[in-house]
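Structure first, commentary second.
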Amino acid sequence: MKKSYIIIIAILLFGYLQAGEKVVKSPDNKLKVVISYDKELKYSIFLKEKLLVKPSVISIETDGKSLSENLDLLSSKIERVDENIYPAVAEKQSVIRDNYSELILEFTENYSVIFRVYNDAVAFRHSINFENEVLITDEKFNINFTDDHKVYFPEEQSMFTHQEREYLHLNLSEITKERFSSIPLLVDMKTGPKIAITESDLEDYAGFYLSGSEKSDNSLKAIFPYYPAKENLTTDRDLKVVERESFIARTSGKRNFPWRIFAIADEDKNLLNNQIVYKLSSPCEIETDWIKPGKVAWDWWNSWNLIGVDFRAGINTATYKYFIDFAAQNNIEYIILDEGWYKLGDLLSLNPDVDMEELVSYAKEKNVGLILWVVWKTLDDQFEQAFDQFEKWKVAGLKIDFMQRDDQKVVNFYHKIAKEAAERKMLIDFHGSYKPAGLRRKYPNVLTREGVRGLEWSKWSDKTDPEMALTIPFIRMLAGPMDYTPGAMNNATKTHFRDLLHKPMSQGTRCHQMAMYVVYESPLQMLADSPSNYLREKECLNFIAKVPVVWERTIILNAKVSDYILLARKKNNEWFVGAMTDWSERDLKVDFSFLPEGNFEIEIFKDGINADRNANDYKRVKTKITKKNSMKIHLAPGGGWVARIRKMNDRG
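As numbered in the working numbering, residues -2 to 649 make up the sequence shown, in order.
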């Protein structure tokens, strides 16, 4: 790993500096943060000398005392860092350049604050150095904008939430102190960049939300779920907080706190390649050679609907053996046994129709991994016994569901699970979860998670449409992989869509769904539909099965938030190109100059000429191209376009 460190401001080891301000700039000198410290600690952000965020207060309070007021500066230093990160699981690219300027301000009272400025992001974190455990009784993170900008606002009604929200497009002035959202949140500046606000390295602490300010002055502020004092288990899965303590966290006195992040993009497409959450995460702590990303045949979305079989389809051994056969025959690495394989409330009491020993043996014979769905609370209650049983069965992983909280107690549950699963060589998919906030770098066995309004919503709602599908990659996916669960083979126009719980369909075209396998990042990627539907659409299945789930390179060709995406990704010697649009039909141009020299064959799936009337309509074509070529493509309303590109001598 290459590193370059240049200390450009001397460290003052003795005596105090006068109250004042410090400045730190990005490596390309375009982004600048000004930090002032006197009675309060404030920051402001500039891009090319244009003010983006006005002076805004940040502070942290331990045991009722603010550490960020009336500050005396002991030392300051700036380091410039330029190094490469090689992710164990490459969601976007196999090498990540980590290039930033870091300012560390050390104050009295055992308190420091750290700022990092990248070419595409600003981040800061608090740090303390006390001997004993402390209570964090408050944290202030205010964001004062310069104008009444638009905001993509995933509004929440409660902090008991799956974080699967719609992105309301509001003015800052409409966001009162009573309204709040989960994060990431995206600010669409009137005459400037877009700014995504989120966090990373969340551990032994609570996640934050954003609300309006008391003054309705184009400001946002962080709010936190305080530590639970009393909980009420209303079902096997819903553990609700009914009373809270007067502190955010009880934690070590020697620690760094989570990073507060501004990801800044002067072009919409740059949000899609932003890696700031990963860069600011804690380094990997486990052996990773055993981790195997892959695709999953999923049972729940399609309601176990099979046709043409000689057994009663459902949650039973015969059905799951059929899923295993389907996966094995189509090079799909895993199947999931979702809700129903055990008696709710007891992971050690199996559904009598499911012979787990037989399934384990059969899956091993077919070289298919089993992933088991579990309710988080039941797993927590039966932790050692359940993990021992799963290890005995040699299950490949767990899909853990319904946490619906991100207070300190539940955040710590995620870390406990990730660590235990890694020790037993199991993959993890978190559902009913908060957004990714850095855990996947420390524990790369955490391959994906929900915290996104995915395809499952189409079973009971029309709120997972192409508009949403073209919004989440710019905002939610910036935080990390998302288990959207694509792959519907029954596709509908806006007019023809119906939400049917047990025979679901998707909104948008067939190629819109297929393009998701290239556009959406998830190293554990679902095939949500029934094996029967895929076998009926074998041409589409064959293509989907070949799309990788991890990538060496990603190039964003063209993109606009909520409207369209066109990107290319590389794995080994193949390139895949995906394009998606919202409900507006549109033409895009694919420039193939990203290819190396040589002659290539391209296999294309594109919207059929009648896809605006029948969303199942598509056309498959093959042709030859070189890097000198470009191609005009047409996307139907809610449409898509996807392609696989191979060198002529690599065809297969």
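Built from N, CA and C at the ideal position, the CB exists for glycine as well.
Rounded to whole angstroms, what's the CA-CA distance from residue i to residue j? Just pull it up for me.
i	j	result
D343	R437	28 Å
A226	E153	22 Å
I125	E200	15 Å
G448	Y431	5 Å
A383	E264	48 Å
K629	P151	34 Å
K318	A324	10 Å
R247	L132	5 Å
T188	L554	23 Å
N611	Q510	14 Å
L650	V92	Since the first residue of the chain shown is -2 and the last is 649, residue 650 is not available in this structure.
E381	L538	39 Å
K276	P255	13 Å
R162	L467	14 Å
F320	D480	20 Å
I258	Y40	13 Å
A7	S72	Low per-residue confidence applies at A7: pLDDT is 36, beneath 50, and the placement is therefore not dependable enough to give any value.
I552	N270	8 Å
G451	F104	45 Å
N409	E594	50 Å
T461	S300	18 Å
A556	K266	5 Å
D35	K147	32 Å
A633	G429	33 Å
V392	V86	20 Å
N168	D145	6 Å
V407	A360	33 Å
F683	K137	A question about residue 683 goes unanswered here, because the residues of the chain that appear run from -2 up to 649.
L182	T316	41 Å
G505	K45	40 Å
Please list, in chain order, all residues of the same chain as residue i whose beta carbon is under 7 Å from its beta carbon, the five residues on each side excluded.
i	result
K543	R641
K655	Residue 655 lies beyond the residue range present for the chain, which begins at -2 and ends at 649; the question has no answer from this structure.
S627	K586, V587, D588 and F589
L498	K456 and W457
S559	E464, L467, T468 and D579
R241	Y223, Y224, P225 and A226
When the cut-off is 7 Å and only beta carbons count, does residue i lie next to chain D?
i	result
H412	Among the chains of the structure shown, chain D does not appear; only one protein chain is present.
Pull up the CB-CB distance for residue i and residue j, whole angstroms please, since I reckon it's below 8 Å.
i	j	result
E330	W297	Not really, about 18 Å apart at Cβ, beyond 8 Å.
I220	F177	6 Å
V357	L367	7 Å
E282	K439	5 Å
T482	E453	6 Å
V547	D404	V547 to D404, Cβ: 32 Å. No contact.
K621	F597	7 Å
V31	V114	11 Å between Cβ atoms; not a contact.
M502	A485	6 Å
K500	N302	7 Å
L532	G291	The Cβ separation is near 20 Å, so there is no contact.
N672	K27	Because the chain is modelled from -2 through 649, residue 672 falls outside the range shown and cannot be assessed.
I304	S529	5 Å
Among residues of its own chain, excluding the 5 on either side of residue i, which ones have a beta-carbon nearer than 8 Å to its beta-carbon?
i	result
E37	V54, S56, S65 and E66
F11	The predicted model places F11 with a pLDDT of 31, which falls under 50 and marks its position as unreliable; any figure quoted below should be read in that light. Closer than 8 Å at the Cβ level, and outside the excluded window around F11, lies no residue.
S210	N139, K174, S216, L217 and K218
F43	L28, K29, V30, V31 and L49
Spatial neighbours of residue i within its chain, please: C-beta separation below 6 Å, excluding the five flanking residues on both sides.
i	result
R550	Q90 and K567
W295	I333, M523 and A525
I397	V371, W373 and F427
P545	K568
G605	D614, Y615 and K616
V618	I601
R495	none
V119	V30, I42 and F259
Cβ contact (3+ pairs, closer than 8 Å) linking the segment 76 to 84 and the segment 97 to 113: A contact exists between the segment 76 to 84 and the segment 97 to 113.
Stretch-stretch touch, CB-based, cutoff 8 Å, three pairs: the segment 206 to 226 with the segment 433 to 451: Contact between the segment 206 to 226 and the segment 433 to 451 is absent: fewer than three C-beta pairs spanning the two stretches fall below 8 Å.
Stretch pair the segment 581 to 591 + the segment 558 to 566: three plus CB contacts closer than 8 Å: They touch, by the three-pair rule.
Contiguous alpha helix (DSSP H) assignments of at least 4 residues, all confined to the segment 402 to 480: Secondary structure within the segment 402 to 480: the alpha helix (DSSP H) runs of 4 or more consecutive residues, fully enclosed, are 405 to 420, 436 to 439, 463 to 466 and 473 to 476 (chain order).
Meets three-Cβ-pair contact criterion under 8 Å: the segment 409 to 427 and the segment 463 to 479: The way I'd put it, the segment 409 to 427 doesn't touch the segment 463 to 479; fewer than three beta-carbon pairs between them come closer than 8 Å.
The segment 110 to 120 / the segment 230 to 238 touching (three or more Cβ pairs under 8 Å): In short, these stretches do not touch, since the Cβ pair count stays below three.
Runs of beta strand (DSSP E) wholly within the segment 211 to 243 (minimum 3 residues, chain order): You should have 216 to 220, 225 to 230 and 236 to 241.
Three-pair Cβ contact test at 8 Å for the segment 247 to 262 versus the segment 409 to 416: Short answer: they don't touch.
contact_flag[the segment 572 to 580, the segment 506 to 521] where n(CB pairs < 8 Å) is 3 or more: Enough Cβ pairs lie closer than 8 Å, so yes.
3 or more residues per run - each beta strand (DSSP E) lying fully within the segment 325 to 379: The segment 325 to 379 contains these whole beta strand (DSSP E) runs: 331 to 334 and 366 to 372.
Runs of alpha helix (DSSP H) lying entirely within the segment 522 to 576, each at least 4 residues, in chain order: Look at the segment 522 to 576 and you find these whole runs of alpha helix (DSSP H), each 4 residues long or longer: 528 to 533 and 535 to 543.
Residue ranges of each beta strand (DSSP E) within the segment 269 to 310, 3 or longer: Listed in chain order, the complete beta strand (DSSP E) runs (minimum 3 residues) inside the segment 269 to 310 are 291 to 294.
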